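Novice: Count along the sequence shown from 1, add 3, and you get the number used in our numbering.
Think of the CB as a built atom: it goes at the ideal place given N, C-alpha and C, for glycine as much as any other residue.
Keep in mind it's a predicted model, so treat the numbers as computed, not measured.
Have a look at the structure that comes next, please.
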Amino acid sequence: MSPSPSLPPPVRLGDFTTDRGIFRLIGFGACAGLFGVIAGWILLRMIGLINDLAYYGVWSTRMLAPGGAAPGGHPALWTILVPAGGAVLIGLMARYGSEKIRGHGIPEAIEAILLGGARLDLRVAILKPISSAISIGTGGPFGAEGPIIMTGGAAASLMAQCFTLTDAERKTLLVAGACAGMTAVFGTPVAALLLAVELLLFELKPRSIIPVGVACITAAILRRFCMTPAPLFPYAGGVIVDPLHAFGWLGLGLAAGLGSALLTMLVYAAEDGFETLPVHWMWWPVLGGLVVGIGGVFDPAALGVGYPDIARLLAGTLAGGAAIRLVLVKGVIWSVALGSGTSGGVLAPLLIIGGALGAVLAPVMPHAAPGFWAVLGMAAMMGGTMRAPLTSTLFAVELTGNHLILLPVLAASMASMAVTVLLMKRSILTEKIARRGHHLTREYSIDPLAVTRIRDIMATEVDTLAADLPVGAAIERFLSHAAAHRAFPVTAPDGLVLGLVSRADILDWIGDEVRRDLPLRAMIAGRELTTAAPDEMADTIAVRMLTRNAPRIPVVDAEGRLLGIVSRADLLRVHQRVMLAETRRERFFPFRRRAAAKEAGKPEPLAVP
């Protein structure tokens, strides 16, 4: 028989459960920040190198415009084949290297956090940035942030696997590396930290949030030495705050929410379409690459990461027909390419599509500074699609270095999220996980068992068995119709609890033909007794029940005298109360009492001043 699991250490009650072990995680978090910067620097240089080689034949990392065309011109027809050529390499790497490099990386990171014990292998850490650099460098309409999140998380996960850590601690470090990578690319440490809270950690504890914060801060400091220290997309426009503009903020947010839902449906419609093709999945990115190449002929601005396009949107120089063309071409080729299973990120495309949408709608919006509605569109599209409005709000503020846009960006992001949560059950990040058979909820709440004491849920009127009661009488008690419980505490005359007799014990005694005149005291002597104290929390007792296989536990005072008993049903009733609080609606107003009094023919209650 396998040994019974040991009990966890006792919980010190307080606002948080963090202990001194957090200092070790803080040190690991700083290392994760370093890994994120290194991974970001390498990936951006690789993208530039592959882009310049593929389209210009130049050994350079300057990130020249993808497509090989002069500004305002059209690329040569041969460039249609460049994205497909890169996709061939990606398909080979995915099939013979690791299938986890497919997609934009965030769902894979979430899956590793929730289901994989926060363990990512070395092949993912190596192949993901290479495949993403090939995809983006050959014109793929993606951003570098998703691959960086996956790569930074993989590097931190590999580091964590070199030490003796719990799954929860490894998860913290994986998220720390992922958020450090995002900080390295965009220079947005606060938004990266909020991304961890809204999307990756699935908890809000000092044990997790502090090391992740350290990683983001470390990455933000170190990136200043190897990347642009200023905001990536500076925007100095002012903001007009009045009711008319507020309605405009909300209107643009609603439009972005509809666009978010449409983009998500397009991505997974493309994925479903590729599933029906009679070819191996390693060739799907090639077909998606052909669509990307054709789209690049219509609008070269839709190719690559598109950072120059974001700058033009914020400056107000990309508008009108050019913005409409960018929305349509970028949206289509991005959806098809991502649905094909190639490697790339989602944040930069969402920023470009949302920014272009804001530029398209700017003429019908209240007058504002050039680029203002593009900023709102960027944030709203990101907040609605990822369902992370706080992240998108701070992301826009940090990207632009303009805190004045905080209020309108928040309003637009919230409106966008309201649309998407009502229209879609899943986001673009969680739909892929659901299609793999896993349910994921992103609603955070406090476990009611963690704030409920045993004295508040225990049964105080307890049927007991006397310690000197003969076995035969106990058997008759259990077999009678009056026996309403499956177990009874055995108590001494002074109220001390000596043990617990269950229905299983009775059946064993009958089968073993135990002498009926033996007292219960003798039958339970030497047994380990699992008890609870009235001031202990319900979640602690739930773990104790599980580890000791004890469906019912006597509640005793400091001397061991019986105070009550708690069962699994009592624990479930705590959750029932939460469910009722969420679903039962009541109304309490004085006029209702007066109306009831009139109906009953009674005088109305006097109002108390």
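Between the beta-carbon of P557 and the beta-carbon of A535, is there less than 9 Å?
Specialist: Within the sequence shown, the letter at position 554 stands for residue 557. Within the sequence shown, the letter at position 532 stands for residue 535. Closer than 9 Å, so yes.
Novice: Taking the alpha helix (DSSP H) that I104 belongs to, which residues open and close that run?
Specialist: Reading the sequence shown from its first residue, position 101 is the one you call residue 104. Neither: I104 is in no alpha helix (DSSP H) and is coded neither H nor E.
Novice: Hey, how far is the Cα of I50 from the Cα of T141?
Specialist: Here residue 50 is taken as the residue at index 47 of the sequence shown, counted from 1. Here residue 141 is taken as the residue at index 138 of the sequence shown, counted from 1. Going from the Cα of I50 to the Cα of T141 covers about 8 Å.
Novice: Count the other CB atoms within 10 Å of the CB of R580; is the residue buried (16 or more) or exposed (fewer)?
Specialist: In the sequence shown, residue 580 corresponds to position 577, counting from 1. Exposed.
Novice: At the level of alpha carbons, what is the spacing between A154 and E434?
Specialist: Indexing the sequence shown from 1 puts residue 154 at position 151. Indexing the sequence shown from 1 puts residue 434 at position 431. Note on identity: in this sequence residue 154 is Thr, with Ala being the wrong assignment. Straight-line Cα distance between these residues: approximately 21 Å.
Novice: Under the three-state reduction of DSSP, which class applies to L321: helix, strand or coil?
Specialist: Within the sequence shown, the letter at position 318 stands for residue 321. Here L321 sits in coil by DSSP.
Novice: So, is R439 buried or exposed, given that buried needs 16 or more other C-beta atoms within 10 angstroms?
Specialist: To locate residue 439, count along the sequence shown from 1; it is residue 436. Exposed, by the Cβ-count rule.
Novice: CB K333 to CB G348, shorter than 9 Å?
Specialist: Reading the sequence shown from its first residue, position 330 is the one you call residue 333. Reading the sequence shown from its first residue, position 345 is the one you call residue 348. Contact: no.
Novice: Could you give the first and the last residue of the continuous alpha helix (DSSP H) run that contains S505?
Specialist: Counted from its first residue, the sequence shown places residue 505 at position 502. Note, S505: premise wrong, no alpha helix (DSSP H); beta strand (DSSP E) at 500-505.
Novice: Helix, strand or coil: which one does DSSP assign to S263?
Specialist: Translated into the one-based positions of the sequence shown, residue 263 becomes position 260. In the structure shown, S263 sits in a helix (DSSP, three-state: H, G or I).
Novice: Using beta-carbon positions only, say whether P373 and I243 come within less than 9 Å of one another.
Specialist: Counted from its first residue, the sequence shown places residue 373 at position 370. Counted from its first residue, the sequence shown places residue 243 at position 240. Cβ atoms of P373 and I243: not closer than 9 Å.
Novice: Out of A371, Y59, A584, which one is the CA nearest neighbour of G248?
Specialist: Translated into the one-based positions of the sequence shown, residue 248 becomes position 245. What sits at residue 248 in the sequence shown is His, not Gly. The shortest C-alpha separation from H248 is found at A371.
Novice: Is P608 helix, strand or coil by DSSP?
Specialist: Within the sequence shown, residue 608 is the residue found at index 605, counting from 1. For P608, the predicted model reports a pLDDT of 49, less than 50, meaning its position is unreliable and no value from the coordinates is stated.
Novice: Need the endpoints of the alpha helix (DSSP H) that L413 sits in, please.
Specialist: One-based indexing of the sequence shown puts residue 413 at position 410. Looking at the DSSP string, the run of the alpha helix (DSSP H) that includes L413 is 409-426.
Novice: Can you tell which of I460, I513, F491, T533 has its C-alpha closest to the C-alpha of A541?
Specialist: Counted from its first residue, the sequence shown places residue 541 at position 538. Nearest C-alpha to A541: I460.
Novice: Please report the distance separating the alpha-carbon of M548 from that of T494.
Specialist: The residue labelled residue 548 in the question sits at position 545 within the sequence shown. The residue labelled residue 494 in the question sits at position 491 within the sequence shown. In a straight line, the C-alpha of M548 is about 21 Å away from that of T494.
Novice: Which whole-angstrom value describes the C-beta separation of A33 and A218, a residue pair presumed to lie in contact below a C-beta threshold of 8 Å?
Specialist: Walking along the sequence shown from the start, residue 33 turns up at place 30. Walking along the sequence shown from the start, residue 218 turns up at place 215. At roughly 7 Å, the Cβ-Cβ gap stays under 8 Å, so A33 and A218 are in contact.
Novice: I believe M385 touches L407 by the beta-carbon criterion, under 8 Å. Please report the beta-carbon distance rounded to the nearest angstrom.
Specialist: The sequence position of residue 385 within the sequence shown is 382, counting from 1. The sequence position of residue 407 within the sequence shown is 404, counting from 1. Contact doesn't hold; Cβ gap of about 19 Å is too wide.
Novice: For the region 524-556, which segments carrying the alpha helix (DSSP H) assignment without a break, of at least 4 residues, lie completely within its bounds, in sequence order?
Specialist: As far as the region 524-556 is concerned, its whole alpha helix (DSSP H) runs of at least 4 residues are 541-551.
Novice: DSSP has L468 in a bridge; who is on the other side?
Specialist: Reading the sequence shown from its first residue, position 465 is the one you call residue 468. For L468, which the question treats as bridged, DSSP gives the partners V493.
Novice: I509 to R571, Cα distance in whole Å?
Specialist: Locating residue 509 in the sequence shown gives position 506, where the first residue counts as 1. Locating residue 571 in the sequence shown gives position 568, where the first residue counts as 1. Each residue's alpha carbon lies about 21 Å from the other.
Novice: Return the residue from the list I568, P392, T550, A525 that minimises the CA-CA distance to A490.
Specialist: Working through the sequence shown from its first residue, we reach residue 490 at position 487. The shortest C-alpha separation from A490 is found at I568.
Novice: By Cβ distance, which residues of its chain are closer than 6 Å to R105, with the 5 residues on each side in sequence left out?
Specialist: Counted from its first residue, the sequence shown places residue 105 at position 102. Result list for R105: A97, G344, in chain order.
Novice: Quick check: A57 and G89, are their CB atoms within less than 9 Å of each other?
Specialist: Here the question's residue 57 lines up with position 54 in the sequence shown. Here the question's residue 89 lines up with position 86 in the sequence shown. For A57 and G89, yes; Cβs fall inside 9 Å.
Novice: Would you list the one or two residues that DSSP bridges to V559?
Specialist: On the sequence shown, position 556 is the one that residue 559 refers to. For V559, which the question treats as bridged, DSSP gives the partners L565.
Novice: Assuming C219 is part of the alpha helix (DSSP H), what are its boundary residues?
Specialist: Indexing the sequence shown from 1 puts residue 219 at position 216. First-last of the alpha helix (DSSP H) with C219: 209-225.
Novice: Is it the case that the Cβ atoms of S263 and T388 are separated by a distance below 9 Å?
Specialist: Translated into positions along the sequence shown, residue 263 becomes position 260. Translated into positions along the sequence shown, residue 388 becomes position 385. Going by C-beta atoms, S263 is nearer than 9 Å to T388.
Novice: Can you tell which of E148, I113, F250, E102 has the C-alpha that lies nearest to the C-alpha of L130?
Specialist: Counting from one through the sequence shown, the residue named residue 130 turns up at place 127. Answer by Cα proximity: E102.
Novice: With H, G and I counted as helix, E and B as strand and the rest as coil, what does DSSP make of R456?
Specialist: The sequence position of residue 456 within the sequence shown is 453, counting from 1. In the structure shown, R456 sits in a strand (DSSP, three-state: E or B).
Novice: CA-CA distance, L207 and V200?
Specialist: Within the sequence shown, the letter at position 204 stands for residue 207. Within the sequence shown, the letter at position 197 stands for residue 200. Going by the C-alpha atoms only, they are around 7 Å apart.
Novice: Does the distance from the CB of L290 to the CB of F277 come in under 9 Å?
Specialist: The residue labelled residue 290 in the question sits at position 287 within the sequence shown. The residue labelled residue 277 in the question sits at position 274 within the sequence shown. In contact: L290 and F277 (Cβ atoms closer than 9 Å).
Novice: Considering only residues of the same chain and omitting the five flanking positions on each side of W287, which have a CB-CB separation below 6 Å?
Specialist: Counted from its first residue, the sequence shown places residue 287 at position 284. F277, S343, G344, listed in sequence order.
Novice: From P86, R227, A545, pick the residue whose C-alpha is nearest to that of A453; which is it?
Specialist: Within the sequence shown, residue 453 is the residue found at index 450, counting from 1. Nearest of P86, R227, A545 to A453, Cα basis: A545.
Novice: Excluding the 5 residues flanking I137 on each side, which residues of the same chain have their C-beta closer than 7 Å to its C-beta?
Specialist: Position 134 of the sequence shown, counted from the first residue, corresponds to residue 137. I53, G89, L92, I93.
Novice: Y99: buried (16+ other C-beta within 10 angstroms of its C-beta) or exposed?
Specialist: Residue mapping note: residue 99 aligns to position 96 of the sequence shown, counting from 1. Its Cβ having fewer than 16 others within 10 Å, Y99 is exposed.
Novice: For N405, count neighbouring Cβ atoms within 10 angstroms of its own Cβ and tell me buried if that reaches 16, exposed if not.
Specialist: Within the sequence shown, the letter at position 402 stands for residue 405. Buried, since its Cβ has 16 or more Cβ neighbours within 10 Å.
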